[in-house]
Amino acid sequence: MRAGVDGPILLRPCPALQEMTDMLLTTRSRSVQQIYATRDAHMEENRADMRRTVNPHNPFSEVLADGAWRDEPCFIVGGGPSLIGFDFERLLGRGHAIVINRAFEFAPFADILFFMDWRFYRLCHDNPERYRMWQEFKGYKVFLNIMGRKLEDCYSVRSVGRHGLSKSIAGGLHHGNNSGVGALNLALCLQARPIYLLGYDMRHENGQAHFHSGYGGIAHEKTALSFAREFERIGKGIADKSGIINLNPRSTLRLFPFGNVDEVLSNGTTRQSVGDNRATLRDPVSASAPA
């Protein structure tokens, strides 16, 4: 009740507000019980995610041990536009191969598909053609699992932060805010040598951000340039950089010595070398499929 100009005015309670008040006053209400049940389930799910950030589900360290590739060559394939037109079959039989994100579509023979981007995982599962390729990939699918997600169709590695280098897969890998850092950290834990970097451009070329059709949305070059700075931060943790060779001399990543891909793969058949930007974008996914 409140006073009005012509006398007191009776205020009727809002039915919806009254219902909400009654619900909150008693847990016997089915609606409140459902709210509590849902809340408890979400809280337990969040606690499980937190536990998996330390002890990941399907840990990759139980499948491949530190030093498993000791003194064996390894090629890490990034997504830079210098790989437009590159014949990935030239890598067959030349050593181990780690492919990052969508590079697995072009090198399905690789030992490891490495990723840390949840968006990439969804891209592979939401697109029927790409999901078929995901299922047919015979190598290890390895997720640098920052959020502790529970995924059944790949292995997980614990993330131990942004900056630094790990010496143990079981201990976790540093992510450097890009999958290229994580993939290199993995190869170092496996003790591969030499490690060849392909598509580690850290820049755009001729308006292209990737050698494939990308991930949807706009890819800003300043983001690619920032990746090179992330590598500079981990440089001090690599005592001997001579065993890591960047096969794109135009890359903005200047931390490691450069090599010539044709010399490295001289025993293979050269159809088109890295860096020939006259080629058009290669993409095995049909043009009608979403990027």
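What the sequence shown shows, in the numbering used here, is residues -14 to 276, in sequence order. Yeah, the Cβ is synthetic: ideal placement off N, Cα and C, and Gly gets one too. Note that the structure is predicted; figures quoted are calculated from it, not measured.
- Across the structure, Tyr140 and Ala92 are spaced so that their CA atoms are roughly 19 Å apart.
- Around the Cβ of Lys126, a 10 Å sphere holds 16 or more other Cβ atoms; the residue is buried.
- A residue is called buried when at least 16 other Cβ atoms come within 10 angstroms of its Cβ; Gly52 does not meet this threshold and is exposed.
- For Lys207, the three-state secondary structure derived from DSSP is helix.
- Within 10 angstroms of the beta-carbon of His160 lie 16 or more other beta-carbons, which makes it buried.
- CA-CA distance, Gly192 to Tyr200, rounds to 15 Å.
- Between Leu238 and Phe216 the beta-carbon gap is near 6 Å, inside 8 Å, which marks them as a contact.
- Nearest in C-alpha terms to Gln120, of all of His110, Ala177, Asn163, is His110.
- Under the DSSP assignment, Tyr125 falls outside any alpha helix (DSSP H), being part of the beta strand (DSSP E) whose first and last residues are 125 to 130.
- Rounded to the nearest angstrom, the gap between the Cα atoms of Glu47 and Pro0 is 59 Å.
- In this structure the region 67 to 77 does not lie against the region 140 to 152, because fewer than three pairs of beta carbons, one per stretch, are closer than 8 Å.
- Relative to the Cα of Arg134, the nearest Cα in the group Ala82, Gly156, Met101 belongs to Met101.
- Assignment of beta-bridge partners to Gln193 by DSSP yields Glu190.
- Within the same chain, Cβ atoms closer than 6 Å to the Cβ of Ala209 are found at Met187, Arg188, the five residues on either side in sequence being excluded.
- Between Gly63 and Ile85, the C-beta spacing is below 7 Å.
- In the three-state scheme derived from DSSP, where H, G and I count as helix and E and B as strand, Ala172 is classed as helix.
- Its chain contains His148, Gly161 as the residues whose beta carbon lies nearer than 8 Å to that of Arg218, once the 5 sequence neighbours on both sides are disregarded; these appear in chain order.
- Annotation for Asn170: Leu150, Ser151, Leu158, His159 place their beta carbon closer than 7 Å to its own, counting only its chain and skipping 5 residues before and after.
- A Cβ-Cβ distance of about 24 Å is found for the pair Arg117 and Asn130, leaving them out of contact under the 8 Å criterion.
- By the criterion of a C-beta distance shorter than 7 Å, Ala213 is surrounded in its chain by Met187, Thr237, Leu238, once the five residues flanking it on both sides are discounted.
- The region 82 to 117 is shown to contain whole beta strand (DSSP E) runs of 3 or more residues at 97 to 100, in chain order.
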